[in-house]
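*Asks:* If you read the protein sequences in the order shown, they are chains Z, U and Y.
Quick note on this note's numbering: the first sequence kicks off at 176 and runs consecutively.
Quick note on this note's numbering: the second sequence kicks off at 150 and runs consecutively.
Quick note on this note's numbering: the third sequence kicks off at 259 and runs consecutively.
For every residue, glycine included, the Cβ atom is placed at its ideal position computed from N, Cα and C.
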Amino acid sequence: MSSCIVVTGLGVVSSLGSDVEQLWSSLLEGRSGISEVESFDTSAYRVHRGGEVRDFQPERYLRHLDPGSMGRASQMAVAAALSAVADAGLRSGGPHDPDPERVGVVMGTTSGEPREVERFNDLLVAEELDRLGPELATRYPNHVIAGQVAAELDLCGPNAMIPTACAAGNYALAYALDTLRCGRADVMLAGGADAFSRITYTGFARLGAIAPERCQPFDRNRQGMIPGEGAAVLVLETEEQARRRGARIYAEVAGYGLSCDAHHMTAAHPEGAGAARALEGALASSGVAAEQIDYVSAHGTGTPTNDKLETMALKRVFGDHATRVPVSSVKSMLGHTMGAASAIEALVCCLAIRDGAVPPTANFEEPDPECDLDIVPNEAREVPVSVAMSNAYAFGGNNASVLFRECVS
Amino acid sequence: MQSDEIKGKIREVITQVTEIPGEEIGDTTSFTQELDLDSLALLEIGVDIDYAFQLNLPDERFKDIDSLNDAVHLVVTELATRERSARVA
Amino acid sequence: MSARRDQVVVTGAGVLSPLGYARAPLFEGLLEGRSGLRPVEGFDTRGLALPRVGELNGDGPEQFLEGRSLRPLDRTGRLAAAAAELVLADSGFRAYYGSDEAESLPAGLVLGTMYGSVRTISEFDRRALTAGPQYTKPFDFANSVINAAAGQAAIWHGLAEINATVAGGTTAGLAALAHAADLLRIGRASALVAGGAEELCFESCWSFSRAGLLAREPEGPGAGTPFHAHRNGFLPGEGAALLMLETVTAARSRGAEILGHLTGSGSSFDPSRGQDGERSATAVRRAILAALKDAGREPADVDGLSTSASGSVAVDRAEALGIAAALGRHAAELPVTAVKGSLGEGLGASGAFQTLALLEAMSAGVLPGIRGLDEPEPELPFRLAGSSAHEGRFRCGLVTSLSWDGHACALVVEGPGEEARS
Chain Z
176 MSSCIVVTGL GVVSSLGSDV EQLWSSLLEG RSGISEVESF DTSAYRVHRG GEVRDFQPER
236 YLRHLDPGSM GRASQMAVAA ALSAVADAGL RSGGPHDPDP ERVGVVMGTT SGEPREVERF
296 NDLLVAEELD RLGPELATRY PNHVIAGQVA AELDLCGPNA MIPTACAAGN YALAYALDTL
356 RCGRADVMLA GGADAFSRIT YTGFARLGAI APERCQPFDR NRQGMIPGEG AAVLVLETEE
416 QARRRGARIY AEVAGYGLSC DAHHMTAAHP EGAGAARALE GALASSGVAA EQIDYVSAHG
476 TGTPTNDKLE TMALKRVFGD HATRVPVSSV KSMLGHTMGA ASAIEALVCC LAIRDGAVPP
536 TANFEEPDPE CDLDIVPNEA REVPVSVAMS NAYAFGGNNA SVLFRECVS
Chain U
150 MQSDEIKGKI REVITQVTEI PGEEIGDTTS FTQELDLDSL ALLEIGVDID YAFQLNLPDE
210 RFKDIDSLND AVHLVVTELA TRERSARVA
Chain Y
259 MSARRDQVVV TGAGVLSPLG YARAPLFEGL LEGRSGLRPV EGFDTRGLAL PRVGELNGDG
319 PEQFLEGRSL RPLDRTGRLA AAAAELVLAD SGFRAYYGSD EAESLPAGLV LGTMYGSVRT
379 ISEFDRRALT AGPQYTKPFD FANSVINAAA GQAAIWHGLA EINATVAGGT TAGLAALAHA
439 ADLLRIGRAS ALVAGGAEEL CFESCWSFSR AGLLAREPEG PGAGTPFHAH RNGFLPGEGA
499 ALLMLETVTA ARSRGAEILG HLTGSGSSFD PSRGQDGERS ATAVRRAILA ALKDAGREPA
559 DVDGLSTSAS GSVAVDRAEA LGIAAALGRH AAELPVTAVK GSLGEGLGAS GAFQTLALLE
619 AMSAGVLPGI RGLDEPEPEL PFRLAGSSAH EGRFRCGLVT SLSWDGHACA LVVEGPGEEA
679 RS
């Protein structure tokens with residue numbers, strides 16, 4: 176019988192703040208982290224809005240590594256990891272500090288460091304081959320993100336990268352859960368990171384997926400998603416160890432469900448079947464019944480199809496409870512932060528449990544009969560949350576739901 | 150450009166994207182119902198048709214294209230409009 | 259405390275390698291010391307002087323993928339889908355579970371890859387630069403995410419169980435096998451196709467060259483030869499290999515032939531990211547000891563080694579020293595192989611190639627030598643390292659992998675007749 180795995184630290188870099196409490200209060204106030212894109216010229220595009228992180232200064236966080244030696248996603252991941260480790264009190268200098276050989280890192284991402292590809296191509300297209308460097312071997316490969324986190328923190332435990340696109344944060348949490356339960360590590364830093372890039376923006380624009388002004392999940396007139404960026408890292412360990420070192424426990428990671436649509440690269444299964452299986456798997460692996468769920472952090476991208484299919488999946492698995500439980504999407508405020516999204520949303524679930532409050536789905540104006548859920552429109556709500564579910568769905572048909580539960584000793 | 154030439158070029162694009170032989174793409178063969186093309190394939194076809202004729206049209210103009218004839222009509226109309234504007238200018 | 263564990267067995271393999279398209283020609287080629295390395299043909303090198311590469315010959319993955327348009331799949335996706343096609347056949351899994359009505363198979367996929375496809379994301383972006391963002395290709399964007407190949411393979415074969423992509427530099431393939439084995443043991447799946455895929459392309463080769471990772475061109479003696487005294491870098495390669503992994507219960511219930519057991523794995527990290535060779539060696543040592551402990555085995559039980567050595571100066575050395583540190587004096591007397599001497603550095607594909615070398619050795623009673631290793635580096639611990647094959651009875655082998663930037667992974671592979679200790 177394995178021990179409970181709990182969350183003892185949170186760290187984040189986001190367009191609404193790179194301090195966990197600042198982000199949380201911004202989300203509860205329904206603030207928007209969306210603005211006009213500045214990091215590249217969008218005049219050739221029909222859309223211009225994004226969730227860029229402004230004023231991120233990696234040098235304020237990194238102590239050992241030079242921020243200039245890594246890409247932006249890595250910088251954000253390292254910053255979030257440092258915050259999480261501090262929050263968890265892992266380096267107190269006391270006798271219960273975990274052995275670095277037993278502390279591992281697993282991160283998720285969608286694209287890794289796409290700006291390195293952009294730089295490569297800028298030079299290649301300009302035929303300046305002699306200026307083309309080694310970065311696609313040294314800085315671009317996505318696994319360097321997890322590597323840089325461990326390098327900054329001098330950690331030697333299992334180090335992995337699970338690049339399952341927009342569900343990657345949840346996949347990283349699942350991997351961390353199993354790694355800890357199998358006794359391969361005593362602590363796992365788990366999270367996700369993605370940097371804003373013209374490649375990602377161009378791709379979603381090309382698919383016609385980007386909303387012109389705002390992200391309006393579950394709204395009848397929703398126009399699509401808004402690409403964003405960010406990073407979040409959670410510290411996971413056994414409850415036993417957390418209590419032994421007097422750590423503050425946010426919540427238990429009680430279980431997860433993973434599934435694959437095996438249907439289409441960019442379109443989900445038309446009945447949300449894969450998403451439903453992920454929800455069922457999360458409930459089954461946690462031993463929790465649907466009626467016990469107090470809050471759902473939706474994938475809720477704001478695209479016409481996702482929100483409709485997610486509603487179908489929730490109804491299929493939760494039955495009547497689907498229209499009773501509060502379901503909200505913070506992507507309405509942060510945009511879609513890709514690989515960071517479900518890591519940030521995991522953070523939201525932990526804080527919802529801690530504070531008994533759920534963030535709103537912002538920008539809501541008109542109900543959609545096909546999304547007739549209680550989406551906590553526009554205003555946060557005080558709700559006791561003992562159990563929260565976080566959903567994430569990705570290109571390639573990767574679906575993941577993770578269940579968080581209040582940890583009562 | 151003649152309508153036949155346009156049709157041939159568009160048929161080529163569809164074959165290139167879908168690997169469906171040209172003979173199977175009739176003038177009125179439905180892309181969605183008969184060729185079973187999904188939204189991503191239709192989008193790719195729209196992009197490649199637009200590129201071939203340098204139309205620079207918004208995606209909405211391609212939304213209802215479901216056959217070779219539809220596509221040819223769109224391109225012919227668009228090219229004619231440009232020709233007229235060019236002559237006037 | 260570990261979760262409940264079921265034994266994990268290998269019941270088949272799908273192989274696309276520079277030495278052939280099944281495990282038999284791959285193993286025969288390794289035994290005969292044949293080279294899968296030749297001057298590059300598949301892409302324009304734009305004036306870059308490249309050493310030989312391990313490119314796939316002949317018709318490539320397309321020959322195994324019929325009946326549907328391949329256009330939505332990029333090369334990496336085709337490699338993954340083709341390897342899946344081959345392993346589903348080789349293992350008898352499709353014959354047993356498939357039917358004309360069933361659209362899906364009760365198996366998942368765990369794919370290791372370093373890049374997904376750096377070529378596809380680059381070409382997508384280049385098109386934006388040269389033709390404008392409105393003319394980028396939707397198919398290419400769908401394939402630009404790193405998990406695209408795993409998604410494409412799942413769609414092609416209806417693999418609707420757990421689907422995961424694992425990255426980790428050159429250790430990705432071995433890490434994928436280890437992760438899949440864990441998922442099976444804790445009951446998240448009863449069958450998983452696992453391994454890796456990687457394509458050779460201009461973008462990666464250019465960058466490896468610029469980073470000083472490749473064997474110098476023109477090639478000197480020992481170029482791309484693992485553990486060679488005059489080695490100076492690796493030769494890049496490509497390919498895909500997927501193993502069918504099942505719980506022993508599931509395998510027996512369908513009467514599958516069991517090729518071997520994956521009894522344990524371990525991984526560790528060098529926080530200097532490869533800058534400090536000693537720390538890299540330590541990471542290898544830790545990974546091996548964790549794997550042996552996971553398998554319930556002792557260093558003295560190991561009777562064969564399948565290393566990831568590639569001709570890289572620092573990495574080969576760190577891997578060898580790490581193995582010696584973990585296994586003690588015993589390491590010096592062990593038969594050792596390094597498939598990259600024949601296949602090149604296959605990145606995500608390598609882990610499964612390395613594992614197959616041991617599995618095949620267990621049934622054939624002979625472990626391939628290391629191609630071209632006429633002069634091993636004297637300081638390295640392996641007395642038996644050389645180009646000759648090693649005959650013997652192999653029952654408990656160790657597969658190791660070390661990336662140039664600090665990832666270390668180890669897998670314990672045991673023969674079909676062995677009952678693993680849980």
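How would you list, in chain order, the residues of chain Y whose beta-carbon sits under 9 Å from the beta-carbon of residue 308 of chain Z?
*Replies:* Counting from 1 along the first sequence, the entry for residue 308 of chain Z is found at position 133. Residues of chain Y passing the Cβ test: 465, 468, 469.
*Asks:* Can you tell me which residues form a DSSP beta bridge with residue 519 of chain Y?
*Replies:* For the purposes of this step, residue 519 of chain Y is identified with residue 261 of the third sequence, where counting begins at 1. Answer is Y:267, Y:672, bridged to residue 519 of chain Y.
*Asks:* Could one say the Cβ of residue 441 of chain Z lies closer than 8 Å to chain U's Cβ atoms, at least one of them?
*Replies:* Counting from one through the first sequence, the residue named residue 441 of chain Z turns up at place 266. Judged by the 8 Å Cβ criterion, residue 441 of chain Z is in contact with chain U.
*Asks:* Would you report the Cα separation of residue 369 of chain Y and residue 427 of chain Z, rounded to the nearest angstrom?
*Replies:* Position 111 of the third sequence holds residue 369 of chain Y. Position 252 of the first sequence holds residue 427 of chain Z. Roughly 29 Å between the two C-alpha positions.
*Asks:* Compare the C-alpha of residue 428 of chain Y against each of Z:335, Z:343, Z:342, Z:181 and name the closest.
*Replies:* Working through the third sequence from its first residue, we reach residue 428 of chain Y at position 170. Out of Z:335, Z:343, Z:342, Z:181, Z:335 has the C-alpha closest to the C-alpha of residue 428 of chain Y.
*Asks:* Distance cutoff 8 Å, beta carbons only. Does residue 331 of chain Z sit that close to anything in chain Y?
*Replies:* Here residue 331 of chain Z corresponds to residue number 156 of the first sequence, with the count starting at 1. Answer yes: the Cβ-Cβ gap between residue 331 of chain Z and chain Y drops below 8 Å somewhere.
*Asks:* Please state whether the Cβ-Cβ distance between residue 338 of chain Z and residue 354 of chain Z is less than 8 Å.
*Replies:* Walking along the first sequence from the start, residue 338 of chain Z turns up at place 163. Walking along the first sequence from the start, residue 354 of chain Z turns up at place 179. Not in contact: residue 338 of chain Z and residue 354 of chain Z (Cβ atoms no closer than 8 Å).
*Asks:* What are the residues of the segment 373-388 of chain Z that lie near chain U, defined by any Cβ-Cβ distance shorter than 9 Å?
*Replies:* Those residues of the segment 373-388 of chain Z that come within reach of chain U (Cβ to Cβ, closer than 9 Å) are 381, 382, 383.
*Asks:* Less than 8 Å between C-beta atoms, sequence neighbours within five positions excluded: which residues of the same chain meet that for residue 327 of chain Z?
*Replies:* As a working note, residue 327 of chain Z is residue 152 in the first sequence. Contacts found: 237, 238, 239, 240, 253, 256, 257.
*Asks:* In the DSSP assignment, what residue or residues form a beta bridge with residue 452 of chain Y?
*Replies:* Numbered from 1 along the third sequence, position 194 holds the residue referred to as residue 452 of chain Y. Looking at the DSSP assignment, residue 452 of chain Y forms a beta bridge with Y:368, Y:501.
*Asks:* Take residue 364 of chain Z as the anchor and find which of Z:522, Z:247, Z:270, Z:504 has the nearest alpha-carbon.
*Replies:* The count along the first sequence starts at 1 and reaches residue 364 of chain Z at position 189. The candidate whose alpha carbon is nearest that of residue 364 of chain Z is Z:522.
*Asks:* According to a CB-to-CB cut-off of less than 9 Å, which residues of the segment 276-291 of chain Y neighbour chain U?
*Replies:* Here the close residues number zero.
*Asks:* Could one say the Cβ of residue 192 of chain U lies closer than 8 Å to chain Z's Cβ atoms, at least one of them?
*Replies:* Numbered from 1 along the second sequence, position 43 holds the residue referred to as residue 192 of chain U. Interface residue, yes.
*Asks:* Please name the residues in the segment 208-220 of chain U whose beta-carbon is closer than 8 Å to at least one beta-carbon of chain Z, in chain order.
*Replies:* If the cut-off is 8 Å between Cβ atoms, the segment 208-220 of chain U has 208 near chain Z.
*Asks:* For residue 321 of chain Y, go through chain U and note every residue whose CB falls closer than 8 Å to its CB, in chain order.
*Replies:* For the purposes of this step, residue 321 of chain Y is identified with residue 63 of the third sequence, where counting begins at 1. The contacting residues do not exist; residue 321 of chain Y stays about 15 Å from chain U at best.
*Asks:* Closer than 8 Å by C-beta to residue 259 of chain Y: which residues in its own chain qualify, once you throw out the five before and the five after it? Chain order, please.
*Replies:* Looking up residue 259 of chain Y in the third sequence gives position 1. Only weak support exists for where residue 259 of chain Y lies, its pLDDT of 31 falling under 50; the value from the coordinates is given anyway. So no residue of the chain qualifies.
*Asks:* At what residue ranges does the segment 388-470 of chain Y contain a whole run of the alpha helix (DSSP H), taking only runs of 4 or more?
*Replies:* Fully enclosed alpha helix (DSSP H) runs of 4 or longer: 396-400, 406-415, 430-443, 460-468.
*Asks:* Can you tell me where the beta strand (DSSP E) holding residue 546 of chain Z begins and where it ends?
*Replies:* Here residue 546 of chain Z refers to the residue found at position 371 of the first sequence. Per DSSP, residue 546 of chain Z belongs to no beta strand (DSSP E) and is neither H nor E.
*Asks:* List the DSSP bridge partners of residue 657 of chain Y.
*Replies:* As a first step, residue 657 of chain Y must be located in the third sequence, where it is residue number 399. According to DSSP, which records beta bridges pairwise, residue 657 of chain Y is partnered with Y:564, Y:669.
*Asks:* Which runs of the alpha helix (DSSP H) spanning at least 4 residues fall entirely within the segment 377-433 of chain Z, listed in chain order?
*Replies:* Counting whole runs of 4 or more residues, the segment 377-433 of chain Z contains the alpha helix (DSSP H) stretches 414-419.
*Asks:* Does the beta carbon of residue 185 of chain U come closer than 8 Å to any beta carbon on chain Z?
*Replies:* As a first step, residue 185 of chain U is located in the second sequence; it is residue number 36 there, counting from the start. For residue 185 of chain U, the answer is no, since every Cβ of chain Z falls outside 8 Å of its Cβ.
*Asks:* Entirely within the segment 456-498 of chain Z and at least 3 residues each: give me those beta strand (DSSP E) ranges in chain order.
*Replies:* Fully enclosed beta strand (DSSP E) runs of 3 or longer: 470-472.
*Asks:* Compare the C-beta of residue 410 of chain Z with all C-beta atoms of chain Y and state if any pair is closer than 8 Å.
*Replies:* On the first sequence, residue 410 of chain Z is found 235 positions in, with the first residue counted as 1. Not an interface residue.
*Asks:* Alpha carbon to alpha carbon, how far is residue 354 of chain Y from residue 223 of chain U? Give it in angstroms, no decimals.
*Replies:* Counting from 1 along the second sequence, the entry for residue 223 of chain U is found at position 74. Counting from 1 along the third sequence, the entry for residue 354 of chain Y is found at position 96. The straight-line gap from Cα to Cα measures roughly 50 Å.
*Asks:* Which chain Y residues are close to residue 143 of chain Z, counting only those with a beta carbon under 9 Å from its beta carbon?
*Replies:* Residue numbering for chain Z in the displayed model covers 176 to 584; residue 143 of chain Z lies beyond these limits and cannot be assessed.
*Asks:* Closer than 8 Å, CB to CB, is residue 516 of chain Y near chain Z or not?
*Replies:* Counted from its first residue, the third sequence places residue 516 of chain Y at position 258. It does not: the Cβ of residue 516 of chain Y has no partner Cβ on chain Z nearer than 8 Å.
*Asks:* Does the pairing of the segment 404-424 of chain Y with the segment 542-554 of chain Y give three or more beta-carbon distances under 8 Å?
*Replies:* The segment 404-424 of chain Y is not in contact with the segment 542-554 of chain Y.
*Asks:* Which runs of the beta strand (DSSP E) fall wholly inside the segment 544-631 of chain Y and span at least 3 residues, in chain order?
*Replies:* Entirely contained in the segment 544-631 of chain Y, the beta strand (DSSP E) runs reaching 3 residues are, in chain order, 562-565, 594-596.
*Asks:* Give me the residue from Z:424, Z:409, Z:346, Z:471 with the minimum Cα distance to residue 431 of chain Z.
*Replies:* Position 256 of the first sequence, counting from 1, holds the residue named residue 431 of chain Z. Residue Z:346 is the option with its Cα nearest to residue 431 of chain Z.
*Asks:* With a Cβ-Cβ cutoff of 8 Å, do residue 185 of chain Z and residue 201 of chain Z count as a contact?
*Replies:* Taking the first sequence and counting its residues from 1, one reaches residue 185 of chain Z at position 10. Taking the first sequence and counting its residues from 1, one reaches residue 201 of chain Z at position 26. It is not a contact, given that the beta carbons lie outside the stated cut-off.
*Asks:* On the criterion of 16 or more Cβ atoms from any shown chain inside 10 Å, does residue 679 of chain Y qualify as buried, or is it exposed?
*Replies:* Residue numbering aside, residue 679 of chain Y sits at position 421 when the third sequence is read from its first letter. Bear in mind that a pLDDT of 41 at residue 679 of chain Y, under 50, signals an unreliable position, so the model cannot answer this.
*Asks:* Determine, using beta carbons only, whether residue 632 of chain Y and residue 592 of chain Y come nearer to each other than 8 Å.
*Replies:* Taking the third sequence and counting its residues from 1, the one referred to as residue 632 of chain Y is at position 374. Taking the third sequence and counting its residues from 1, the one referred to as residue 592 of chain Y is at position 334. Going by C-beta atoms, residue 632 of chain Y is not nearer than 8 Å to residue 592 of chain Y.
*Asks:* Would you list, in chain order, the members of the segment 155-177 of chain U that have their beta-carbon closer than 8 Å to a beta-carbon of chain Y?
*Replies:* Listed in sequence order: 165, 166, 167, 168, 169.
*Asks:* List in chain order: all unbroken beta strand (DSSP E) runs of 3+ residues lying wholly within the segment 319-370 of chain Z.
*Replies:* If we require 3 residues or more, the beta strand (DSSP E) runs fully inside the segment 319-370 of chain Z come out as 334-337, 362-369.
*Asks:* For residue 321 of chain Z, tell me which candidate among Y:485, Y:479, Y:300, Y:530 has the shortest Cα-Cα distance.
*Replies:* Taking the first residue of the first sequence as position 1, residue 321 of chain Z is located at position 146. The shortest C-alpha separation from residue 321 of chain Z is found at Y:530.
*Asks:* How should residue 620 of chain Y be labelled, buried or exposed, when 16 other C-beta atoms within 10 angstroms of its C-beta is the threshold for buried?
*Replies:* The residue labelled residue 620 of chain Y in the question sits at position 362 within the third sequence. When all chains shown are included, residue 620 of chain Y counts as buried.
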